[in-house]
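J.: Under numbering that gives the first Met the number 0, the first residue of the sequence shown is numbered 0, with each subsequent residue one higher.
All C-beta atoms in this analysis are idealised placements derived from N, C-alpha and C, irrespective of residue type, glycine included.
Below are the structure tokens for one structure; questions will follow.
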Amino acid sequence: MAATFEALGDFLDDYLQLPVLCKDGETRVFSIASPPAEDGLRVDRITKAAAQLFLDGTEPDQELLDDAEERDIFRLVLGDVHDDMLAQVQWSRFRHAAMTAMVWVLNDRDTAARFWSGGGDPSLLAPNRAARRQQKSAPSASAAANTTRSRGSTSGTRAGSRQRRKRGPKAGG
């Protein structure tokens with residue numbers, strides 16, 4: 000039987016709406032559109048290459064991005080709201096909004112929401128230590144089955160025990 004799929008527009012969000020405190024003290028909601036596929040692929044390529052360099056601990060032998068491309072990565076993820084947001088918000092808020100949009104482009108809305116509410120702290124994206132411990136200590140269904148005691152013997156003897164003799168009076172004594 001073939002699977003039935005809903006149209007992407009029915010359940011996939013094409014916009015990310017971020018409320019940002021502006022320089023004038025007002026909070027405005029910036030609606031960031033999903034970038035064109037080509038731009039999304041470019042962001043994906045750039046971030047994967049940067050992550051690999053970081054994980055390898057190597058210096059790039061060529062520049063990954065030229066200055067214009069580096070400035071434009073935020074433009075790629077913010078799209079049409081880039082200039083408006085840049086004019087209205089402080090750098091830290093602009094950067095956080097752009098990084099949240101990048102997390103959204105590279106992952107999904109839920110991951111972006113965790114990044115947003117965590118203030119950009121990547122350690123908050125991973126489960127915390129207590130949650131990891133709880134996952135490890137929670138017994139699984141198979142572990143519970145393995146702790147079930149096996150049925151005992153019904154023969155009345157104990158496996159591996161020596162037979163006992165009744166001691167009676169010694170012969171000749």
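Return the residue from the list 46, 20, 42 and 56 that minimises the CA-CA distance to residue 95.
T.: In the sequence shown, counting from the first residue as 1, residue 95 sits at position 96. It is 20 whose Cα lies nearest to the Cα of residue 95.
J.: CB of residue 78 to nearest heavy atom of the ligand HEM: below 7 Å?
T.: What this structure holds is no ligand at all, so the ligand HEM is not there to describe.
J.: Could you have a look at residue 2 and say whether DSSP puts it in helix, strand or coil?
T.: If you number the sequence shown from 1, residue 2 lands on position 3. Of the three classes helix, strand and coil, the one that applies to residue 2 here is coil, per DSSP.
J.: With DSSP run on the structure shown, which of helix, strand or coil describes residue 51?
T.: Within the sequence shown, residue 51 is the residue found at index 52, counting from 1. Here residue 51 sits in helix by DSSP.
J.: Would residue 90 be called buried (16 or more neighbouring beta carbons within 10 Å of its own) or exposed?
T.: On the sequence shown, position 91 is the one that residue 90 refers to. Residue 90 is exposed by the Cβ-count criterion.
J.: Once the 5 residues before and after residue 104 are set aside, which same chain residues still bring their CB inside 7 Å of it?
T.: On the sequence shown, position 105 is the one that residue 104 refers to. These residues qualify, in order along the chain: 34, 39, 42 and 76.
J.: Determine the burial state of residue 4: buried for a count of at least 16 other Cβ atoms within 10 Å of its Cβ, exposed for fewer.
T.: The residue given as residue 4 occupies position 5 in the sequence shown. By the neighbour-count rule (16 or more Cβ atoms within 10 Å), residue 4 is not buried but exposed.
J.: When we look at the beta-carbon of residue 17 and count the other beta-carbons within 10 Å, is it buried (16 or more) or exposed?
T.: The count along the sequence shown starts at 1 and reaches residue 17 at position 18. Residue 17 comes out buried.
J.: Measure the C-alpha to C-alpha separation of residue 179 and residue 73 and round it to an integer number of angstroms.
T.: It is not possible to answer for residue 179, since the shown part of the chain is limited to 0 through 172.
J.: How is the alpha helix (DSSP H) around residue 33 delimited, first residue to last?
T.: Locating residue 33 in the sequence shown gives position 34, counting from the first residue. Here residue 33 belongs to no alpha helix (DSSP H), and DSSP marks it neither H nor E.
J.: Helix, strand or coil for residue 16? Go by DSSP, reduced to three states.
T.: The count along the sequence shown starts at 1 and reaches residue 16 at position 17. Reduced to three states, the DSSP call for residue 16 is strand.
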